[in-house]
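Read through the structure below, which is laid out as structure tokens, and then see the notes.
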Amino acid sequence: NAGVTQTPKFQVLKTGQSMTLQCAQDMNHEYMSWYRQDPGMGLRLIHYSVGAGITDQGEVPNGYNVSRSTTEDFPLRLLSAAPSQTSVYFCASRRLEETDTQYFGPGTRLTVL
Amino acid sequence: AQSVSQHNHHVILSEAASLELGCNYSYGGTVNLFWYVQYPGQHLQLLLKYFSGDPLVKGIKGFEAEFIKSKFSFNLRKPSVQWSDTAEYFCAVTLGPFSSGSARQLTFGSGTQLTVLP
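The listed protein sequences derive, respectively, from chains S and C. Per the numbering used here, residue 3 is the first one in the first sequence, and the count goes up by one each step. Per the numbering used here, residue 110 is the first one in the second sequence, and the count goes up by one each step.
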């Protein structure tokens with residue numbers, strides 16, 4: 003199993019550009035989520051999904067969209083990037099009822115100029 | 110909603126020193142508690158977890174944590190740190206097994222950067 007994979011590893015955007023951060027898992031996990039990590043603030047939940055076709059907002063959803071068309075993939079879209087979205091983004095997945103075993107991807111470091 | 114506080118933002122120790130990182134949470138009911146570690150350039154890894162039972166939990170790499178319900182605390186300890194323990198440490202909480210939906214999301218503390226000097 004590859005676990006949780008994320009692409010790209012690094013990305014630089016200009017303000018107003020759009021892009022999609024990719025996340026995929028091959029463990030057949032129902033639950034997937036996106037976090038952003040900022041210095042001194044820990045990880046904050048952006049969006050999550052409990053299964054294909056079902057998504058919901060987390061703590062900091064503004065400026066981000068998600069969709070879940072398959073169990074494996076959970077892309078995060080920035081429609082119009084802003085400097086405040088400069089961060090490291092982590093995708094995670096787990097079985098729906100197993101809150102103890104969450105698998106994190108390697109992260110995407112995004113800089114918005 | 111639950112919240113997690115880690116009051117030590119940066120801890121610097123020499124090798125062989127003892128470590129204790131503080132973690133306090135705010136919620137009066139049943140909680141599940143976690144410590145994650147993030148080594149430089151790597152993703153988060155689970156260090157240890159507490160769900161129920163013995164409040165002293167042992168994790169990987171010689172780490173342990175003690176759940177003290179009366180103090181709403183889950184401090185991480187290690188008797189003798191090594192240079193390879195240099196990393197950022199995150200405490201996290203979810204609400205207990207009878208919670209549902211967003212209550213079962215992981216809520217993270219702000220993290221503690223540990224630097225171990227050789």
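Note that the Cβ used here is the ideal one computed from N, Cα and C, for glycine as well.
Item: Proximal residues to R111(S) (C-beta, below 6 Å), its chain only, five neighbours per side dropped; Value: F12, V90
Item: Chain C contact for L47(S) (CB, 7 Å cutoff); Value: yes
Item: C-beta neighbour in chain S for G162(C), strict 7 Å; Value: no
Item: Within-7 Å CB hit, L153(C) to chain S; Value: yes
Item: Between the CA atoms of Q8(S) and Y33(S) - distance to the nearest angstrom; Value: 16 Å
Item: Near-chain S residues of the region 110-132 of chain C - C-beta to any C-beta below 7 Å; Value: H118
Item: Residue-level contact to chain S via CB, S135(C), 7 Å cutoff; Value: no
Item: Positions along the region 88-111 of chain S whose CB lies within less than 7 Å of some CB in chain C; Value: F92, T101, D102, Q104, F106, G107, P108, G109
Item: Neighbourhood of Q59(S) by C-beta distance below 7 Å, restricted to the same chain and skipping five residues each side; Value: H49
Item: Contact set between S219(C) and chain S, taken where Cβ atoms lie within less than 7 Å; Value: G42, M43, G44
Item: 7 Å Cβ cut-off: residues of chain S touching Q191(C); Value: Residues of chain S passing the Cβ test: none, with the nearest at roughly 23 Å.
Item: Residue environment, L115(S), which counts as buried when at least 16 other CB atoms sit within 10 Å; Value: exposed
Item: Contact list for the region 60-85 of chain S against chain C, Cβ threshold 8 Å; Value: G60
Item: 8 Å Cβ shell around S127(C) - same chain, five flanking residues per side excluded; Value: R186, K187, P188, S189, V190
Item: 8 Å CB neighbourhood of P149(C) in its chain, flanking five on each side removed; Value: T195, A196
Item: DSSP three-state assignment for S114(C), whether helix, strand or coil; Value: strand
Item: Limits of the beta strand (DSSP E) - the one that H152(C) falls within; Value: Note, H152(C): premise wrong, no beta strand (DSSP E); not H, not E.
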